[in-house]
Amino acid sequence: MDRQLAFLNILLCRQGHQDSLYIMIGRAQRRAVVVCLAAITASLVLVHVTAAADSESTEQVAEPSSTVSPILDSVRYKSMFLRYYERLAQLEAQRLAELKAAREARQLARKRAAKKKARQQALKEAKAVRATGGLIVGDSVSMGAESCLITDGYRLDSSVGRQFAEGLQRLKVQQANGLPETVVIHLGTNGPFSLDGFRSAMSLVQAQERVVWVTIALPDKAQYQFRDSMNDLIRAAAADYDNVRVADFGAAAEQHPEWFHSDGVHINSAGCRGFTDIVNDAVSAPTR
4 MDRQLAFLNI
14 LLCRQGHQDS
24 LYIMIGRAQR
34 RAVVVCLAAI
44 TASLVLVHVT
54 AAADSESTEQ
64 VAEPSSTVSP
74 ILDSVRYKSM
84 FLRYYERLAQ
94 LEAQRLAELK
104 AAREARQLAR
114 KRAAKKKARQ
124 QALKEAKAVR
134 ATGGLIVGDS
144 VSMGAESCLI
154 TDGYRLDSSV
164 GRQFAEGLQR
174 LKVQQANGLP
184 ETVVIHLGTN
194 GPFSLDGFRS
204 AMSLVQAQER
214 VVWVTIALPD
224 KAQYQFRDSM
234 NDLIRAAAAD
244 YDNVRVADFG
254 AAAEQHPEWF
264 HSDGVHINSA
274 GCRGFTDIVN
284 DAVSAPTR
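So this is what it looks like as structure tokens:
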């Protein structure tokens, strides 16, 4: 027993060995060590007390040291183990504190990431709000939506009966005066234009952040047979430019005949809002 205790004393209580042992074993093993040490301590006390009692019964006169020494040894070993328990408790408290600090650091990092994401989303939404507005170069159809467009921050350069060539010249004038970051083009109602015409217009606005081309809406009549091919050209040509979106007013108009006056070309108050909403959706759409 003395040899085993001496080994435990060397293993557990020498300076520098306690921490390494604590780190090497897991929580369950640490608990087992504590239980075993407690059992050993209790056994030692019982053995030494029993030995002292036996000694008293077999010897008429006993040396004081022979009775007291086992008890002192028991107390000494118990004190040794208690110190080790205290060290275990200190290390466990330190480990728990480190775990708590790490958990709080992770929570703080998540909160900061969430705040950063919220700020980015707010900036994105603010940018989208600022994007509703800009210059519209158009014809009499866009003029019919003037009240709604102005309310949403647009300024118009539109006129009745405007052909594409005139619209292109007006776009050049606006470019010379300085274009906003958003330019909306709604031409073609009064006559078709070619792919070269589309590209000529784009050469004037290629530096803008966003350009919106609005498809045309015309009734299904012989004089407007160019309508579908015109809209197909706009949709296809727009795909070649990263800063271009299409406001597909032509497609939406097929589902909303109530937007138009009796001529099927010019828009009424309902069409004013419908036209503007379609333009706003395209202006606010993300870039490719």
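Per the working numbering, the very first residue in the sequence shown carries number 4; after that it's consecutive. We put the beta carbon where it would ideally sit given N, CA and C, even for glycine.
Cα atoms of residue 177 and residue 225: separation of roughly 34 Å, rounded to the nearest angstrom. Residue 166 and residue 230 have their C-alpha atoms roughly 14 Å apart. Where residue 187 is concerned, the enclosing beta strand (DSSP E) starts and stops at 185-189. In its chain, beyond the 5 residues on either side, 191, 195 and 219 have a beta carbon closer than 7 Å to the beta carbon of residue 233.
Taking residue 223 as reference, the option from 206, 266 and 87 with the minimal CA-CA separation is 266.
Boundaries of the beta strand (DSSP E) around residue 139: 137-141.
Within the same chain, no Cβ atom closer than 7 Å to the Cβ of residue 104 is found once the five residues on either side in sequence are excluded.
Per DSSP, the continuous beta strand (DSSP E) segment holding residue 161 begins and ends at 157-161.
Closest by C-alpha distance to residue 183, out of 268, 244, 211 and 193, is 211. Excluding five sequence positions before and after residue 227, the CB atoms of its chain that fall closer than 7 Å to its own CB belong to 221, given in chain order. If the five residues before and after residue 155 are omitted, its C-beta is found closer than 7 Å to the C-beta atoms of 135, 136, 279 and 283, all from its own chain and listed in chain order. In the structure shown, residue 215 adopts extended strand secondary structure according to DSSP, grouped into three states. Judged by DSSP secondary structure, residue 248 falls within the beta strand (DSSP E) whose first and last residues are 247-250. Within the same chain, 216, 238 and 241 come within 6 Å of residue 249 by CB-CB distance, once the 5 residues on both sides are set aside. Only residues of its own chain outside the window of five on either side were considered, and among them 147, 148, 150 and 151 have a CB closer than 7 Å to the CB of residue 275, listed in chain order. Collapsing the DSSP output to three states places residue 263 in a strand. Counting the other Cβ atoms within 10 Å of the Cβ of residue 102 gives fewer than 16, which makes it exposed. Taking 8 Å as the cut-off, the Cβ atoms of residue 197 and residue 171 do not count as close. Linking residue 139 to residue 181 through their CA atoms gives a straight-line distance of about 14 Å. Between residue 281 and residue 252, the C-beta gap is smaller than 8 Å, which places the two residues in contact.
The beta-carbon distance between residue 286 and residue 185, rounded to whole angstroms, is 6 Å. This is short enough to meet the 8 Å contact definition. Our two residues, residue 255 and residue 205, have alpha carbons roughly 24 Å apart in a direct line. Taking C-beta atoms under 8 Å as the contact rule, residue 193 and residue 160 fail to qualify, at a distance of about 15 Å. Contact between residue 144 and residue 270 holds: their C-beta atoms lie close to 6 Å from each other, under 8 Å.
Taking all protein chains shown into account, residue 207 has 16 or more neighbouring C-beta atoms within 10 Å of its C-beta and is therefore buried. Taking each of 272, 277 and 243 in turn and checking the Cα distance to residue 258, the smallest one comes out for 277.
Taking C-beta separations shorter than 6 Å and ignoring five residues to either side along the sequence, the partners of residue 247 in its chain run 214 and 241, following chain order. Secondary structure note for residue 165: it is in no alpha helix (DSSP H), with a DSSP letter that is neither H nor E.
Residue 236 and residue 201 do touch by the CB rule: their CB atoms are close to 7 Å apart, below 8 Å. When DSSP reads this structure, residue 153 sits in no beta bridge, so it has no partner.
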